[in-house]
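Residue numbers for the sequence shown follow my numbering, so the first one is 2 and each next one is one higher. In this text, a Cβ means the ideal position worked out from N, Cα and C, and glycines have one as well.
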Amino acid sequence: MAKVELSDAEVKEFREIFDFMDRDKGGTLGIQEIKQLTDMLGMRISPDELDNIMKQIDADNSGQVDFDEFLQVMARPQQLPYTRKDVLRAFAMFAKNGEPEGYINPEKLEEALIAHCSDKHSPEEIVRLVSCLELAPNGLIEYKSKVNLFVGK
Numbered sequence: 002m003a004k005v006e007l008s009d010a011e012v013k014e015f016r017e018i019f020d021f022m023d024r025d026k027g028g029t030l031g032i033q034e035i036k037q038l039t040d041m042l043g044m045r046i047s048p049d050e051l052d053n054i055m056k057q058i059d060a061d062n063s064g065q066v067d068f069d070e071f072l073q074v075m076a077r078p079q080q081l082p083y084t085r086k087d088v089l090r091a092f093a094m095f096a097k098n099g100e101p102e103g104y105i106n107p108e109k110l111e112e113a114l115i116a117h118c119s120d121k122h123s124p125e126e127i128v129r130l131v132s133c134l135e136l137a138p139n140g141l142i143e144y145k146s147k148v149n150l151f152v153g154k
């Protein structure tokens, strides 16, 4: 797999995502953790497709995805069912009530994710995910860079 150049900030963001998805804290992602990640990204895949994804990601054929393998896959352009504009519009809908443009209150993000993702993740998992996100000096989450991680710049 060819190396992808990432900024230090991007690597840090991907580390936070990896650590969040590493439910057993073993330092690698197994096939069930990869399934949860694809679900979170809105990808509906069959067990065979999941096996194929795992084979593509798991460069060393260990049966687990380490952080370097994860980085290489997450840094590639994704074929997603939504655009950057769609995601930014969704954030803007939830970030009303006086937040500066491009920022969202962590509590509002938690509420939105709980309301729209509770079929995939427990409220506790969502709170934990949001707590991993870096806050700007104003105490809010700057979401444009987070969107860039998933849908490109």
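{"Item": "Cross-strand partners of E143 (DSSP beta bridge)", "Value": "Y104"}
{"Item": "Nearest-angstrom Cβ-Cβ length linking T29 and D67, presumed shorter than 8 Å", "Value": "5 Å"}
{"Item": "Span separating the alpha-carbon of A93 from that of I105", "Value": "8 Å"}
{"Item": "Start and end residues, alpha helix (DSSP H) containing D69", "Value": "68–75"}
{"Item": "Selected residue, minimal CA-CA separation from E125, among E135, G140, E108", "Value": "E108"}
{"Item": "Buried versus exposed call for E12 [16 or more other C-beta atoms within 10 Å across all chains shown]", "Value": "The displayed chain sequence assigns Val, not Glu, to residue 12. Under this definition V12 is an exposed residue."}
{"Item": "Cα-Cα separation between S8 and K97, rounded to whole angstroms", "Value": "30 Å"}
{"Item": "Inter-residue spacing [alpha-carbon to alpha-carbon] between I142 and V88", "Value": "15 Å"}
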